[in-house]
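For reference, the structure is listed below as structure tokens.
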Amino acid sequence: MKKILALLLALTMVFALCACGSSSAPAAEAPAAEAPAAEAPAGEKVTVTMIAAQYGPKTGDWWVDFEKKFEAANDGIDLVVDCVSWNDIYTVVNTRIANGQAPDLLNIDVFADYQADGLLLPAEDWCSPETYAKFYPAFLDQSVVDGVCWAVPDLASARAIYYNKDILEQAGVSVPTTLDELVTVCQAIKEKCPDIYPWGIDMTTDEGQAAFAYYTWSYGGGFVDADDNWALNSAENVEAIKFAIGLVNDKLTNSDPANNTRYDLQDLFCAGKLAMMIAPNALSQQAGDAGINYGFAPIPTVAGGSVSAGVMDRIMCFDNGQSAEQMAAITAVVDAFYDDEPYSEWVLMEGFLPATSAGGEACAAADPAMATWIDIVGSAKFYPTAKAEWADVKQGVIDVEQQALLGGDVQELLDALQAEIAG
Amino acid sequence: MKQKKPYTHLNKTEPYLWILPSIILMAIFIIVPIGFVFRMAFSQVTKAGLIKGFCGFNNFAKVLSGAKFGMVLKNTIVWTILVVGLSTVLGFILALILNNEFKGRKIARAIVVFPWATTLVIQASVWKFIINTDYGALNTLLKTLGIIQQNVNWTPTPEAFFAWEIACGIFVTIPFVCFTALSGLQSIDASYYEAATVDGANYWNKLFKITLPLVKPSLTVATVLNIIYVFNSFPIVWTITKGDPASRTDTLVTYLYKLAFYNGKQGEAAAVSVIGFLILLVCASVYMVSTLKKGDE
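This is how it looks when you write it as structure tokens:
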């Protein structure tokens, strides 16, 4: 009896303390799609729910203002926007889906997992042809699965090399345009300015997949082959990763690429301790405020020319069994959001790049420095986020980089990853 | 003399009524979510969090056959033993010091509480800042004092990073052990020491024959609670390294977090959670059984 009591007490204690230190998202079998549609009685408002990603400190206020203006212009619609930080948004969305409370609209980066579970509606069901025609076609292509577009882009960011003009001048070098030149420039900086890190590399869990993209694209490789099949262990990829690891081993980079995030590198760049790094356009503001004499240039490739890496977020619509009236309300919200004036105002406020051509023109007119970036993002390459295995590939390439930093064989590591992903 | 209450049915159930609110709260906020975790561990869960049916021990098989699980489990055991062990020794020594009469004792005790009272994320962020190679406080201090000329990389290997994380863990755990031990020390009757002094016992005799045996129950409670807290600790490792590089500094909790929220493998993450739970259950059971046995004696 005492032993049973002891076990019960132990169970209670572990239960209680485990619960103190962890959080769990309850899951349910009923998909959101099975939730019955609530027909709004005549005269009552139609509610549209939305979860929006919080890009910056002003995002929440902007959406509150948008809600007010939208509801004033659309008497019969009640728009409810929850602005959620990037730290919590995946948990919040998954919990709501599991509880059958998926939002009507969701603003987030990935869509393939929701699409694979049959939770989304095709974009043509809720995005008007007028709005759909505004997007850069290359952006829409990133959300196509089996010939159907499931999400529309809300904004993008592109990456380029940021360089400290003063440091390069001191080292007597100019911006590299090939990877060979990059090595030469880094060596010159290391020799002339020994206290400066010549080149910044982020191979952390935060964004190590970006480094994989930069170097493999620069070598003509990448995540997928021409037929859109995973090609993680291609000869080009192996060479590219060896090149990047070589830069670290030759001490031409920041000291700890597996732990220095891009934000750490941006801080170093703005403190004048890092000569060059690949970063999004948002660094312009930070570097300008820090008084750095900076410039930016396309990412060099092995054979010359340039490659641009783009990152894109999306808006998608969940299949909650909405009525025709609700679908019309959702379309009205999407149309209002992408209206040229509020949309370009929102994109400029967030410091990103627009996903619509009209927004691009408006942003370029408002800020001449944006024009170069808009050209860059128009031809950018993107991560293959439409593929269902993307989450595993993303973590897998980061792990390959980190193991290579610890001395692992790049070819063997990439072979193992390819076998795991593509079977 | 007070008359004894007659035995009624209400008397028998009364204690249960009093603890009913606690039981209901525990059921809602602790047992139900943990039940969900168990359910997920035995279910096929999609990346969007939908349960697609029972899958037996598949999630456990995937986790246990994973290349990293063994290393992560080893890290977790090393992390728990070192943090709990060293913080218990250091916390007890600190409690002995703070139990002495000296000027400013109250201030010293208040200072010891600080690491405990500060959020772990903040603590870990401060430690990360201190050891940073490029603008860390440690390098700046040593350069200012003229001890070093160039910045030193304090974390050149994953093992070095893990050692710093353990140091941070010890730092934030010491106050809890210290105050638990201190409460035990203060409950020891001074007459024991007086009698021992009369019998000619020296400091070490008193420490090992009187102090330690009498403080042992307090230290045992602190140790078992610490094993559970430290084993499940997330903020320190996550803030300093996120388990990088290549999971070399991951513990079970950071590993399962990555599985759930970075890889979208919620079923496998739940399986790791259940494995951790079972390990802790064994530890807590050993403690409870031994405590109740001693109660019998």
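Read top to bottom, the protein sequences are chains E and D. In the working numbering, each residue's number is its place in the first sequence (first place is 1) plus 671. In the working numbering, each residue's number is its place in the second sequence (first place is 1) plus 164. Note that beta-carbon positions come from the ideal geometry of N, C-alpha and C, so glycine has one too. It should be emphasised that the depicted structure is a prediction, and the values quoted were computed from it without experimental measurement.
Residue range of the alpha helix (DSSP H) that residue i falls in?
i, result
"A974/E", "Taken as a continuous stretch (DSSP letters only), A974/E belongs to no alpha helix (DSSP H), as it is neither H nor E."
"C1148/E", "Past the edges of chain E, shown from 672 to 1094, lies residue 1148/E, and the structure says nothing about it."
"P951/E", "Counting along the chain, P951/E falls outside any alpha helix (DSSP H), though it belongs to the beta strand (DSSP E) covering 945-951."
"I295/D", "284-295"
"Y356/D", "354-362"
"V316/D", "Segment: none, V316/D is in no alpha helix (DSSP H) and carries neither H nor E."
"K238/D", "233-262"
"F465/D", "No answer is possible for residue 465/D: the residues shown for chain D start at 165 and end at 461."
"Q993/E", "Q993/E -> no alpha helix (DSSP H), and no H or E assigned at all."
"L423/D", "416-425"
Below 8 angstroms on the Cβ atoms is my contact criterion, and I expect residue i with residue j to pass it. Report the Cβ-Cβ distance as a whole number of Å.
i, j, result
"T1056/E", "S799/E", "At roughly 24 angstroms, the Cβ-Cβ gap does not stay under 8 angstroms, so T1056/E and S799/E are not in contact."
"E432/D", "N239/D", "Wrong, their Cβ atoms sit about 18 angstroms apart, outside the cutoff."
"A829/E", "A1051/E", "5 angstroms"
"F967/E", "N835/E", "The Cβ separation is near 11 angstroms, so there is no contact."
"L777/E", "P409/D", "Not a contact, Cβ separation roughly 33 angstroms."
"L302/D", "I294/D", "5 angstroms"
"L903/E", "V781/E", "That pair is no contact at about 19 angstroms."
"L853/E", "P971/E", "6 angstroms"
"V764/E", "I748/E", "Not a contact, Cβ separation roughly 22 angstroms."
"V844/E", "A859/E", "5 angstroms"
"E907/E", "G891/E", "5 angstroms"
"V719/E", "A1000/E", "5 angstroms"
"A831/E", "I1047/E", "6 angstroms"
Return the first residue and the last residue of the beta strand (DSSP E) that residue i is part of.
i, result
"F202/D", "Element bounds for F202/D: not the beta strand (DSSP E) but the alpha helix (DSSP H), 196-205."
"P1096/E", "Given that chain E is displayed from residue 672 to residue 1094, the structure contains no residue 1096/E and the question cannot be resolved."
"F968/E", "With the sequence shown as reference, residue 968/E is identified as Ala, and Phe is not the correct amino acid for it. That run of the beta strand (DSSP E) goes 965-968."
"Y868/E", "868-871"
"I748/E", "748-756"
"T718/E", "717-725"
Assign residue i to one of two classes, buried (16 or more other C-beta atoms within 10 Å of its C-beta) or exposed (fewer than that).
i, result
"M165/D", "Its pLDDT being 49, under 50, M165/D is placed unreliably by the model, and the measurement read from it follows with that caveat. Exposed."
"A698/E", "Confidence is the limiting factor: at A698/E the pLDDT is only 38, short of 50, which leaves the residue's position unreliable and the question unanswerable from this model."
"T403/D", "buried"
"R269/D", "exposed"
"I312/D", "exposed"
"S462/D", "This structure cannot settle anything about residue 462/D, because the visible part of chain D is limited to 165 through 461."
"S355/D", "exposed"
"K739/E", "exposed"
"G348/D", "buried"
"F1053/E", "buried"
"N175/D", "exposed"
"P322/D", "buried"
"E756/E", "Glu is not the amino acid found at residue 756/E; the sequence shown has Ser there. It counts as exposed."
"T617/E", "Residue coverage of chain E in this structure runs from 672 to 1094, which leaves residue 617/E outside it and unanswerable."
"T523/D", "Lying before the first or after the last residue shown, residue 523/D is absent from chain D, which here runs from 165 to 461."
"P702/E", "No answer about P702/E holds up, because its pLDDT of 38 lies below 50 and its placement is not dependable."
"T415/D", "buried"
"S229/D", "exposed"
"W243/D", "buried"
"V196/D", "exposed"
"E329/D", "buried"
Check your understanding: So, do the stretch 808-826 of chain E and the stretch 977-987 of chain E have three or more beta carbon pairs nearer to each other than 8 angstroms?
Key -> Counting C-beta pairs closer than 8 angstroms gives three or more between the stretch 808-826 of chain E and the stretch 977-987 of chain E, which meets the contact rule.
Review point. Looking at chain E, which residues of the stretch 392-412 of chain D have a Cβ within less than 9 angstroms of any of its Cβ atoms?
Key: Listed by position, the residues of the stretch 392-412 of chain D near chain E (Cβ gap below 9 angstroms) are I392, Y393, F395, N396, S397, F398, I404, T405, K406, G407, D408, P409, A410, S411, R412.
Review point. Of the residues that make up the stretch 777-801 of chain E, which ones have a beta carbon closer than 8 angstroms to any beta carbon in chain D?
Key: Listed by position, the residues of the stretch 777-801 of chain E near chain D (Cβ gap below 8 angstroms) are D784, Y785, A787, D788, L790.
Review point. Do the stretch 408-424 of chain D and the stretch 228-242 of chain D touch if we need at least three Cβ pairs shorter than 8 angstroms?
Key: Segments in contact, yes.
Practice item. Anything in the stretch 723-740 of chain E with a Cβ closer than 8 angstroms to a Cβ of chain D? List those residues in chain order, please. Key: Going along the stretch 723-740 of chain E in chain order, one finds no residue with a Cβ nearer than 8 angstroms to chain D.
Review point. Just by C-beta distance, which residues in the stretch 210-238 of chain D are closer than 7 angstroms to chain E?
Key: Those residues of the stretch 210-238 of chain D that come within reach of chain E (Cβ to Cβ, closer than 7 angstroms) are T210, K211, A212, G213, L214, I215.
Exercise for review: Anything in the stretch 927-940 of chain E with a Cβ closer than 7 angstroms to a Cβ of chain D? List those residues in chain order, please.
Suggested key: From the stretch 927-940 of chain E, only D927, A929, N930, L939 have a Cβ closer than 7 angstroms to chain D.
Review point. If contact means a Cβ-Cβ distance below 8 angstroms, which residues of the stretch 296-312 of chain D contact chain E?
Key: Answer in chain order: T297, D298, Y299.
Review point. Is it true that the stretch 875-885 of chain E meets the stretch 1064-1080 of chain E, where meeting means three or more beta-carbon pairs spaced less than 8 angstroms apart?
Key: Contact between the stretch 875-885 of chain E and the stretch 1064-1080 of chain E is present: three or more C-beta pairs spanning the two stretches fall below 8 angstroms.
Exercise for review: Could you tell me whether the stretch 948-961 of chain E touches the stretch 1018-1025 of chain E, using the rule of 3 or more Cβ pairs below 8 angstroms?
Suggested key: Short answer: they touch.
Exercise for review: Would you check if the stretch 837-846 of chain E and the stretch 797-817 of chain E touch, i.e. whether three or more CB-CB distances between them fall below 8 angstroms?
Suggested key: The stretch 797-817 of chain E is not in contact with the stretch 837-846 of chain E.
Exercise for review: Report yes or no: do three or more beta-carbon pairs, one from the stretch 331-348 of chain D and one from the stretch 245-265 of chain D, lie closer than 8 angstroms?
Suggested key: With three or more CB-CB distances shorter than 8 angstroms, the stretch 331-348 of chain D counts as touching the stretch 245-265 of chain D.
Point to revise | Inter-stretch contact at 8 angstroms, needing at least 3 Cβ pairs: the stretch 889-898 of chain E / the stretch 858-878 of chain E | key: Of all C-beta pairs linking the stretch 889-898 of chain E to the stretch 858-878 of chain E, fewer than three are shorter than 8 angstroms, placing the two stretches out of contact.
Check your understanding: Do three or more CB pairs link the stretch 381-396 of chain D to the stretch 437-454 of chain D at distances below 8 angstroms?
Key -> With a cut-off of 8 angstroms, the stretch 437-454 of chain D and the stretch 381-396 of chain D count as touching, because enough Cβ pairs lie within range.
Point to revise | Cβ-based contacts, 7 angstroms cut-off: residues of the stretch 1055-1071 of chain E near chain D | key: Result list: A1062, D1063, Q1066, D1070.
Check your understanding: What residues in the stretch 1072-1088 of chain E have a beta carbon less than 7 angstroms from any beta carbon of chain D?
Key -> If the cut-off is 7 angstroms between Cβ atoms, the stretch 1072-1088 of chain E has Q1073, Q1074, L1076, L1077 near chain D.
Point to revise | Under 7 angstroms (Cβ pairs) to chain D, residues found in the stretch 944-977 of chain E | key: Residues passing the 7 angstroms Cβ filter: K944.
Review point. According to a CB-to-CB cut-off of less than 9 angstroms, which residues of the stretch 749-766 of chain E neighbour chain D?
Key: Residues passing the 9 angstroms Cβ filter: Y761, T762, V764, N765, T766.
Practice item. May I ask you to list, following chain order, the residues of the stretch 843-876 of chain E that have a beta carbon less than 7 angstroms from some beta carbon of chain D? Key: So the list reads T875, T876, given in the order they occur along the chain.
**Study point:** Segment contact flag, the stretch 425-440 of chain D with the stretch 250-261 of chain D, C-beta cutoff 8 angstroms, min 3 pairs
**Key:** Not touching, per the Cβ criterion.
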